[in-house]
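So the structure is just underneath, and the comments pick up after that.
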């Protein structure tokens, strides 16, 4: 396994030595193409092409250390929380690195190393992992995995942790590279913080990836790679394509409570000498039905709490009043009494209002209360003059429908419709003797 790049652990000497042979990596492609800034592109050139060691600031080293320390916690969250909910039949597999080569146009046309990609991991189906690990490299990954652990950012008098609810544009090149080398059409981007973890689903775009490789090859695979003095001309157009990719190929899957790894638990894992992976030890304790029931009750409470938190604040109250037809008023006998109400938010569709009215009328009918008619303000007029299917129930509404449709038609189309109607019988033109006789009276 030491000779297979995929099984070489990241941040080991062999991994660092391999990175020196490549001018572009998955994580540096964004800067290499000048998509961040010209300054970042020059820094990448000095480091990757000229071999100058980049000097990181104290803040940058602190952020990188924060990400390295918490990566194991992100894996614990991904393995223990996310798959049981979204992908119950998969396991997390740690990855090493992969090489993307290009064909040298010189003599012999040999393949030379070009891009080094180091995915954080992949998720694969449990049935795909054989007992002998020699064939594991030939199995395709169900999903690629990229983990981000952003460090807290000082904002005023408190620290703010920038959770990812969408994919930042400077990570697009990296996730596309990881999906390409793993031959995966989708990727899970896991953003970990101590409180919660967000998960994004990213879909591969072969056209965009080919364009990124084309520009990278043109910049860094020439005989003499020149130091950039200005931003490449394609950066603005390519940046727009990255934004379009984010809007169409990134889906927010959810936010989950974070887990933390405990080092003492590693001693309880069974390790096989023939495998670079750790396998969980089998527990002798059986899950009790009461424990499962408690979990379901907690899940129900979480769903209800989530629904309560996400409810919009009511702006108005809608009240249904039951009154007599004469509307005679006496102090001892008021002409109307409230029988139902609901809290209204910023918007309430006519469809929902129609369903609520139907439910109230059915309740009145069960109690032998005859409701011969309904009245409301003009906001709910479509509920009374159109059916649930949108058909007109009054002559006036029919005229409005016909006018609304005909005023958008061309003259020749209107003449064609009139000619077609003229060839039909009078009964067909009118639509039958019972056309539009249904009124706004609601009667069960």
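Residue numbers (the UniProt record's numbering): 1 to 444. Here a beta-carbon is modelled for each residue, glycine too, at the ideal position from N, C-alpha and C.
Beta-carbon contacts of residue 216 that lie in its chain and below 6 Å, excluding the five residues immediately before and after: 24
Every unbroken alpha helix (DSSP H) inside the stretch 367-422 [4 residues or more]: 381-385, 395-406 and 411-422
Limits of the unbroken alpha helix (DSSP H) element including residue 62: 58-80
Length of the line joining the Cα atoms of residue 194 and residue 254: 16 Å
Element boundaries [alpha helix (DSSP H), containing residue 174]: 172-181
Boundaries of the alpha helix (DSSP H) in which residue 218 is found, first to last residue: 206-220
Same chain, Cβ closer than 6 Å to residue 320, five either side skipped, listed in chain order: 339, 340 and 360
Neighbourhood of residue 344 by C-beta distance below 8 Å, restricted to the same chain and skipping five residues each side: 314, 315, 316, 317 and 318
Unbroken beta strand (DSSP E) run spanning residue 252, endpoints: 250-257
Three-state class that DSSP yields for residue 112 in the structure shown: strand
Secondary structure of residue 241, DSSP reduced to three states: helix
Cβ neighbours of residue 34 in the same chain (closer than 7 Å, five flanking residues each side left out): 41, 228, 231, 232 and 235
Among 169, 79 and 117, the one whose alpha carbon lies nearest that of residue 125: 79
Beta carbon of residue 153 nearer than 7 Å to that of residue 202: no
N-terminal and C-terminal residue of the alpha helix (DSSP H) that residue 297 is part of: 289-310
Spatial distance of residue 87 from residue 204 (CA atoms): 19 Å
Rounded C-alpha distance that separates residue 13 from residue 295: 45 Å
Collapsed DSSP secondary structure at residue 342 in the structure displayed: strand
Opposing strand residues paired with residue 191 [DSSP bridges]: 148 and 198
Option in 370, 288, 248 and 82 with minimal Cα separation from residue 256: 82
For residue 94, three-class secondary structure by DSSP: strand
Buried or exposed by the 16-neighbour rule on C-beta atoms within 10 Å, applied to residue 16: exposed
Buried or exposed (CB count within 10 angstroms, at least 16 for buried), residue 430: A caution first: residue 430 carries a pLDDT of 42, below 50, which makes its placement in the model too unreliable to give a value.
Beta-carbon proximity check, residue 212 vs residue 146, cutoff 7 Å: no
Which residues DSSP lists as bridging residue 16, in chain order: DSSP, once it has assigned bridges, lists no residue as partnering residue 16.
Selected residue, minimal CA-CA separation from residue 206, among 173, 63 and 151: 173
Residue 321, DSSP secondary structure in three states: strand
Continuous beta strand (DSSP E) stretch holding residue 125: start and end: 121-125
Three-state class that DSSP yields for residue 336 in the structure shown: strand
Residue 221 vs residue 102 beta-carbon contact at 7 Å: yes
Burial state of residue 307, where buried means 16 or more other Cβ atoms lie within 10 Å: exposed
Rounded Cβ spacing between residue 192 and residue 57 (contact assumed at less than 8 Å): About 23 Å separates the two Cβ atoms, so there is no contact after all.
Nearest residue (CA-CA) to residue 100, options 93, 22 and 312: 22
For residue 237, the nearest candidate out of 410, 20, 365 and 208 (CA to CA): 208
Test: residue 63 CB closer than 7 Å to a CB of chain D: Protein chains in the displayed structure number just one, and chain D is not present.
Beta-ladder partner(s) of residue 49, from DSSP: DSSP, once it has assigned bridges, lists no residue as partnering residue 49.
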